[in-house]
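Read through the structure below, which is laid out as structure tokens, and then see the notes.
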Amino acid sequence: MGVAVSKKHGKAHVRNRVKRLARAAFDANCTLLEKNYSIIILPRVAEEYTYKGFENSLKLCFGKINECAAN
Numbered sequence: 002m003g004v005a006v007s008k009k010h011g012k013a014h015v016r017n018r019v020k021r022l023a024r025a026a027f028d029a030n031c032t033l034l035e036k037n038y039s040i041i042i043l044p045r046v047a048e049e050y051t052y053k054g055f056e057n058s059l060k061l062c063f064g065k066i067n068e069c070a071a072n
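Here's what the structure looks like:
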């Protein structure tokens, strides 16, 4: 899993926080993936970043990945 955060997100401490939140959400939910995948996360610019927001987005993405893999 890789996380890429551009300078559009803000200063270094903001970008580091975004990366920490994305990694934590991924680590907590990676068991939802049925197979092994290489994943790159590119967060969108937002006014506020929350763990719950990352978690919900990843769950949705993982569901779509599993659905496509089943077909």
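Count along the sequence shown from 1, then add 1; that gives the number in our numbering.
Every residue gets a Cβ at the ideal spot worked out from N, C-alpha and C, and that includes glycine.
Just so we're clear, the structure is a prediction, and the values are computed from it rather than from any experiment.
Terminal residues of the alpha helix (DSSP H) in which residue i lies
{"i": "asparagine 67", "result": "52 to 71"}
{"i": "leucine 43", "result": "No alpha helix (DSSP H) holds leucine 43; DSSP gives it neither H nor E."}
{"i": "leucine 34", "result": "Note, leucine 34: premise wrong, no alpha helix (DSSP H); not H, not E."}
Straight-line Cα distance separating residue j from residue i
{"i": "valine 15", "j": "glycine 64", "result": "28 Å"}
{"i": "glutamate 56", "j": "asparagine 72", "result": "25 Å"}
{"i": "glutamate 49", "j": "alanine 70", "result": "32 Å"}
{"i": "isoleucine 41", "j": "lysine 20", "result": "12 Å"}
{"i": "lysine 60", "j": "leucine 33", "result": "8 Å"}
Residues near residue i in its chain [Cβ-Cβ closer than 6 Å; skip 5 each side]
{"i": "glutamate 35", "result": "Asn67"}
Of the residues the options, the one placed nearest residue i, counting alpha carbons only
{"i": "alanine 5", "options": "Thr32, Val46, Ala29", "result": "Val46"}
{"i": "arginine 18", "options": "Ile40, Ser58, Lys60, Pro44", "result": "Pro44"}
Residue i Cβ short of 7 Å to the ligand MN heavy atom set
{"i": "isoleucine 42", "result": "Although the ligand MN was asked about, the structure shown includes no ligands whatsoever."}
For residue i, the residue or residues it bridges with in DSSP
{"i": "glycine 3", "result": "Ile41"}
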